[in-house]
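Numbering follows numbering that gives the first Met the number 0, in which position 106 of the sequence shown is assigned residue number 105; successive positions increment by one, without gaps.
Cβ coordinates follow ideal geometry from the N, Cα and C atoms, glycine included.
From a predicted model like this one, the values you see are computed outputs, not experimental measurements.
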Amino acid sequence: MAAPRVFPLACALQQYAWGKKGSGSEVAQLLASSDPLFVIEEDKPYAELWMGTHPRGDARILDSRLPQKTLGQWIAENQDSLGPKVKEAFQGRLPFLFKVLSVDTALSIQAHPDKALAEKLHRQAPQHYPDANHKPEMAIALTPFQGLCGFRPVEEILTFLAKVPEFLFLIGDDAAAQLRQSLGQGPRVVGAALQSCFSRLMRSEKAAVARQLSLLVGRLSQQGAAGSLEDACGELLLQLHRQYPGDVGCFAIYFLNPLTLQPGEAMFLEANVPHAYLRGDCVECMACSDNTVRAGLTPKFLDVPTLCAMLSYTPGPGRDRLFAPTQSAQDPCLALFDPPVPDFTVMKVEVPGSVEEYQLLALDSASILLVVQGMATASTPSAPEVIPLRKGSVLFISARESVSLRLAAEGLLLFRACCLL
0 MAAPRVFPLA CALQQYAWGK KGSGSEVAQL LASSDPLFVI EEDKPYAELW MGTHPRGDAR
60 ILDSRLPQKT LGQWIAENQD SLGPKVKEAF QGRLPFLFKV LSVDTALSIQ AHPDKALAEK
120 LHRQAPQHYP DANHKPEMAI ALTPFQGLCG FRPVEEILTF LAKVPEFLFL IGDDAAAQLR
180 QSLGQGPRVV GAALQSCFSR LMRSEKAAVA RQLSLLVGRL SQQGAAGSLE DACGELLLQL
240 HRQYPGDVGC FAIYFLNPLT LQPGEAMFLE ANVPHAYLRG DCVECMACSD NTVRAGLTPK
300 FLDVPTLCAM LSYTPGPGRD RLFAPTQSAQ DPCLALFDPP VPDFTVMKVE VPGSVEEYQL
360 LALDSASILL VVQGMATAST PSAPEVIPLR KGSVLFISAR ESVSLRLAAE GLLLFRACCL
420 L
């Protein structure tokens with residue numbers, strides 16, 4: 000009998016300290032729902048679920064008929080499962096890493112390098128930059144998801160420089176004046192002025208940052224106690240300062256756009272875009288890399304010179320960062336998040352409870368399917384056995400395999416990562 004080409008996976012849990020704790024975490028809930036033996040510990044963080052072949056979290060195969068234990072091993076020996084184009088373009092490897100994130104405290108102010116910079120950083124400092132790949136990524140919200148993303152319009156940054164003396168103190172009058180004078184000039188002039196301001200902040204002496212933050216936090220706390228906090232930025236600064244006292248990253252909120260994604264909304268982060276995830280649950284897909292350049296809100300390695308040099312200093316409103324899906328013309332249940340990179344595409348499949356059977360498209364690419372809501376049984380023409388699916392189930396689907404889902408009473412919400420070349 001032919002070996003199965005569609006099979007369930009047990010995926011890797013990462014318990015980073017910034018993750019949501021206990022059953023408040025979507026990651027924990029997905030794991031507990033899909034595995035009856037999984038026990039949620041309420042005082043432990045459940046930060047990320049990794050679905051893929053990354054060496055730090057290679058998914059385990061839950062099908063005893065296959066001799067290989069992990070998805071990475073199986074794909075290495077069955078490269079045709081990727082589809083011919085993907086196999087050739089990505090040297091026989093799965094090009095994406097699919098994740099669920101449950102964020103409780105802020106992740107670092109960071110950006111990801113493009114391919115050329117990733118190769119250089121990996122050569123120079125492999126202990127900090129573990130591979131030579133770029134890491135474009137996309138986050139799709141499962142619950143309201145807060146982040147910082149891209150530089151604010153210059154007018155907004157100038158308003159903060161006028162209103163927040165501690166912020167102006169660290170940037171300095173000269174850099175602030177240069178930014179003011181760049182208004183209305185070309186993108187290159189604006190970009191240079193913005194880079195100068197941001198670099199001044201990130202390179203400030205630790206003691207000066209701590210002193211100015213202490214003044215600002217004292218002032219904002221008094222306003223909060225008197226019920227006169229002017230804007231959400233003040234709240235956010237106090238929140239970040241509680242999480243990372245004295246950290247220069249707290250001031251980055253005056254440079255970067257705050258963005259709250261509603262469930263189903265997405266943001267795409269190409270190379271060199273500054274960002275930080277603050278709170279919430281999301282599905283995330285990225286090129287298979289672990290390269291991150293950080294400059295604040297983290298105890299991890301900081302590489303301020305690299306970050307300041309690599310960023311794309313293109314100011315614009317936060318809503319411009321939203322990445323809209325394309326609704327399928329043929330299938331009302333299917334929406335496609337197809338970013339301008341070859342490595343990955345994410346499909347969102349929402350099937351109403353009135354549908355008894357739903358056919359997943361056969362693709363020219365291997366794909367990984369995650370069940371977020373609902374129950375169904377999956378069957379394929381090539382295998383007689385059905386695979387039971389419920390919230391938290393993860394399924395690997397080889398290229399050119401069609402899968403039929405028979406729904407239980409309620410509807411289904413699925414996300415499917417693939418590579419559409």
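Between GLN72 and ARG293, the C-beta gap is not smaller than 8 Å, which leaves the two residues out of contact. Under DSSP, ILE367 shares a beta bridge with PHE395 and ALA416. Taking the Cα of ARG59 as reference, the smallest distance to any Cα among LEU411, THR69, CYS148 and ASP337 is reached at THR69.
The beta carbon of TYR312 is closer than 8 Å to those of PHE150, VAL189, GLY190, ALA191, LEU193, GLN194 and PHE197 in its chain, skipping five residues each way along the sequence. In this structure, the CA atom of SER381 is about 28 Å from the CA atom of LYS98. Taking a C-beta distance under 8 Å as the contact criterion, ALA416 and ILE396 do not qualify as a contact pair. Taking C-beta atoms as the reference points, ASP130 and ASN271 fail to come closer than 8 Å. Under the three-state reduction of DSSP output, LEU157 falls in the helix class. GLU269 and LEU368 have their C-alpha atoms some 24 Å from each other. Counting along the chain, ASP230 sits inside no alpha helix (DSSP H), nor does DSSP assign it H or E at all.
Collapsing the DSSP output to three states places TYR312 in coil.
Taking the CA atoms as reference points, PRO316 sits about 36 Å from ALA11.
By the criterion of a C-beta distance shorter than 6 Å, ASP113 is surrounded in its chain by HIS133 and ALA270, once the five residues flanking it on both sides are discounted. The DSSP-derived three-state label of GLU384 is strand.
Burial of LYS20 is indicated by the presence of at least 16 other C-beta atoms within 10 angstroms of its C-beta. Between LEU239 and LEU296, the CB-CB gap stays under 8 Å. In the DSSP assignment, GLY190 falls within the alpha helix (DSSP H) that extends over 186-201. Close CB contacts of LYS86 within its chain, under the 6 Å cut and outside five residues either way in sequence, are with GLN78 (chain order).
By the neighbour-count criterion, in which a residue is buried when 16 or more other Cβ atoms sit within 10 angstroms of its Cβ, VAL354 is exposed. If you look at LYS84, you'll find it in the alpha helix (DSSP H) that goes 83-88. Nearest C-alpha to ALA9 among GLY56, TRP17 and GLU25: GLY56. Per DSSP, reduced to three states, the secondary structure at SER403 is strand.
Under DSSP, ALA11 forms a beta bridge with TRP49.
Shown here, SER63 sits in coil according to DSSP, grouped into three states, outside any helix or strand. Here PHE267 carries a strand assignment [DSSP, helix/strand/coil].
About 20 Å separates the beta carbon of VAL340 from that of PRO83, a gap too long to meet the 8 Å contact definition. In this model, ARG241 and LEU100 are separated by some 22 Å (Cα to Cα). Non-local C-beta neighbours of SER107 in its own chain, meaning closer than 6 Å and more than five positions away in sequence, comprise ARG293, LEU296 and THR297, ordered along the chain. In the same chain as ARG389, and ignoring 5 residues on each side of it, the C-beta atoms closer than 7 Å to its own belong to SER32, SER33, VAL370 and MET374, in chain order. Secondary structure of GLU118 (DSSP, three-state): helix. Per DSSP, VAL26 lies in no beta strand (DSSP E) segment; the continuous alpha helix (DSSP H) that holds it begins and ends at 25-33. Three or more beta-carbon pairs separated by less than 8 Å link the stretch 154-169 to the stretch 205-214, which places the two stretches in contact.
Residue pairing by DSSP places ALA275 opposite LEU147 in a beta bridge. Secondary structure note for PHE95: its beta strand (DSSP E) is the uninterrupted segment 95-102. Scanning its chain for C-beta atoms nearer than 7 Å, with the 5 sequence neighbours on each side dropped, one finds around ARG320 the residues CYS148, GLY149, ASN256, LEU258 and MET266, in chain order. Look at ASP330 here: in three-state DSSP terms it is coil, with no helix or strand label.
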